[in-house]
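The block underneath contains the structure these notes are about, expressed in structure tokens.
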Amino acid sequence: MRTELVSEPGGPGRPNEDFASVGLPASGLGGSLVVLDGVTPPRDGGGCLHSVPWFTARLGGALTELTVSLPDVPLPELLSRALIRTADSHAATCDLSHPRTPQATVVLARWSPASVEYLVLSDSALLAGSPDGSVTALLDDRLDRLPRSALATHVLVDTTLRNKEGGFFTAAADPSVASRAVAGSLPREEVRTLTALTDGAARWVERFHQGDWADCLALVREEGARSLVDRVRDLERADAGLVPPRAGKTHDDATVVHVELSPR
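Residue 249 in the numbering used here is what sits at position 249 of the sequence shown, and the numbering runs on without skipping anything.
Below, the structure is given as structure tokens:
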């Protein structure tokens, strides 16, 4: 098995709000990956004393431990437990009911000799490459299906869509959100590679339309995860001169975790 991990903040002097890890149990059988993309809060804060990197580090650390130590517990249940553990660590000091309490998108994958389990919550992506070269994009597309007009302001999103029916869901303080994730499993023999991308890296496909998901996976396999992030940065810099500017952040945190599984 070969793994590669690249995570880069959106700019110098800015904290990286992403989290990424690969866990390999001592048994040598299987493994797991965790990728979180922290949601940047509005300037007026989110009712919490802690930063988004503080939150993603704690939630990501809990998920890394639980996915390895509890191999028989389904991923949605593990996400629920990790959210409870993280919430308990700051419930006494922070307003966890605030719609912008620290939160993150989630990608989890765990593989064994028999299967590959996956969980995706919000707009990060997981690509499963098969031995025959086909690619399955495992996505939670609820945010993409919302009309742009519904996303016009932070206030509108927070009051009508964020972690609400008919909107979209992220991992914050409520453990029940785990049941909203896109989750399932694939036979192990059908998966040769796993590639997790935060939306800052997935921009190569979704924002800049340089290729489809199969092209994206081919780029990572042939040139490496660093090449994908570097290409996104080049496209962002070229995009910065557009008049009028494109909506959204010019630069975003970008994380890629790529795993080549050993042949069965």
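For every residue, glycine included, the Cβ atom is placed at its ideal position computed from N, Cα and C.
Treat the numbers as computed from the prediction; the structure is a model and nothing was measured.
Which same chain residues, not among the five before or five after A57, have their C-beta less than 7 Å away from its C-beta?
Translated into the one-based positions of the sequence shown, residue 57 becomes position 57. Answer for A57: F19, listed in chain order.
On the DSSP letters alone, give me the boundaries of the alpha helix (DSSP H) that H209 sits inside.
Taking the sequence shown and counting its residues from 1, one reaches residue 209 at position 209. Per DSSP, H209 belongs to no alpha helix (DSSP H) and is neither H nor E.
Quick one: Cα of A178 to Cα of D123, how far?
Along the sequence shown, one-based indexing puts residue 178 at 178. Along the sequence shown, one-based indexing puts residue 123 at 123. Linking A178 to D123 through their CA atoms gives a straight-line distance of about 15 Å.
So F19 is in the beta strand (DSSP E); what residue range does that whole segment cover?
The count along the sequence shown starts at 1 and reaches residue 19 at position 19. Segment 18–23, the beta strand (DSSP E) holding F19.
Do you know offhand how far R267's Cα is from P9's?
Nothing can be reported for residue 267, as the shown portion of the chain is limited to 1 through 264.
For L228 versus L219, is the C-beta spacing smaller than 7 Å?
As a working note, residue 228 is residue 228 in the sequence shown. As a working note, residue 219 is residue 219 in the sequence shown. Result yes, Cβ atoms of L228 and L219 sit closer than 7 Å.
Going by Cα to Cα distance, which pick from V155, V232, L5 is closest to H98?
Working through the sequence shown from its first residue, we reach residue 98 at position 98. When only C-alpha atoms are compared, the closest one is V155.
Are the CB atoms of L146 and L138 nearer to each other than 7 Å?
Mapped onto the sequence shown, residue 146 falls at position 146. Mapped onto the sequence shown, residue 138 falls at position 138. Going by C-beta atoms, L146 is not nearer than 7 Å to L138.
H251 - partner residues in DSSP beta bridges
Residue mapping note: residue 251 aligns to position 251 of the sequence shown, counting from 1. For H251, which the question treats as bridged, DSSP gives no partner whatsoever.
Can you tell me which of the three DSSP states P147 falls into?
Sequence index remark: in the sequence shown, residue 147 carries index 147 (1-based). Here P147 carries a coil assignment [DSSP, helix/strand/coil].
By the three-class DSSP mapping on this structure, what secondary structure does P187 have?
As a working note, residue 187 is residue 187 in the sequence shown. The three-state secondary structure of P187, taken from DSSP, is strand.
May I ask you to report which of helix, strand or coil DSSP gives A152?
Taking the sequence shown and counting its residues from 1, one reaches residue 152 at position 152. The answer is coil: DSSP assigns A152 none of H, G, I, E or B.
Spell out a yes or no on whether the region 103–120 and the region 178–193 are touching, meaning 3 or more CB-CB pairs, one atom from each, closer than 8 Å.
In short, these stretches touch, since the Cβ pair count reaches three.
In the DSSP assignment, what are the bridge partners of L33?
For the purposes of this step, residue 33 is taken as the residue at position 33 of the sequence shown. Assignment of beta-bridge partners to L33 by DSSP yields V22, A109.
For T3, which of helix, strand or coil comes out of DSSP?
Sequence index remark: in the sequence shown, residue 3 carries index 3 (1-based). DSSP, reduced to helix, strand and coil, places T3 within a strand of the structure shown.
Cβ contact check for the region 28–46 and the region 248–262: 3 or more pairs under 8 Å:
With a cut-off of 8 Å, the region 248–262 and the region 28–46 count as touching, because enough Cβ pairs lie within range.
Measure the C-alpha to C-alpha separation of P15 and T64 and round it to an integer number of angstroms.
Walking along the sequence shown from the start, residue 15 turns up at place 15. Walking along the sequence shown from the start, residue 64 turns up at place 64. One C-alpha to the other measures close to 21 Å.
Give the range of the beta strand (DSSP E) segment to which V73 is assigned.
Stepping through the sequence shown from its first residue, residue 73 is reached at position 73. Unbroken run through V73: none, as it is neither H nor E.
Separation of A114 from C94, as counted between CA atoms
For the purposes of this step, residue 94 is taken as residue 94 along the sequence shown, with counting starting at 1. For the purposes of this step, residue 114 is taken as residue 114 along the sequence shown, with counting starting at 1. The straight-line gap from Cα to Cα measures roughly 42 Å.
Given 8 Å as the limit, is there contact between the region 191–208 and the region 96–111, that is, 3 or more CB pairs closer than that?
Cβ pair count under 8 Å is three or more, so yes.
Supposed contact pair R2 and E260 - C-beta distance, whole angstroms, cut 8 Å:
Here residue 260 is taken as the residue at index 260 of the sequence shown, counted from 1. Here residue 2 is taken as the residue at index 2 of the sequence shown, counted from 1. The Cβ separation is near 4 Å, so the contact holds.
Excluding sequence positions up to five away, which residues of its chain have a Cβ less than 6 Å from the Cβ of V22?
As a first step, residue 22 must be located in the sequence shown, where it is residue number 22. The residues are T3, L33.
When the cut-off is 7 Å and only beta carbons count, does L219 lie next to chain C?
No chain C is part of this structure, which consists of one protein chain only.
For G47, the nearest candidate out of L96, V6, A92 (CA to CA):
Residue 47 sits at position 47 when you count from the first residue of the sequence shown. The alpha carbon of G47 has as its nearest neighbour, out of L96, V6, A92, the alpha carbon of L96.
Span of the beta strand (DSSP E) holding E117?
Counted from its first residue, the sequence shown places residue 117 at position 117. Per DSSP, the unbroken beta strand (DSSP E) holding E117 starts and ends at 115–121.
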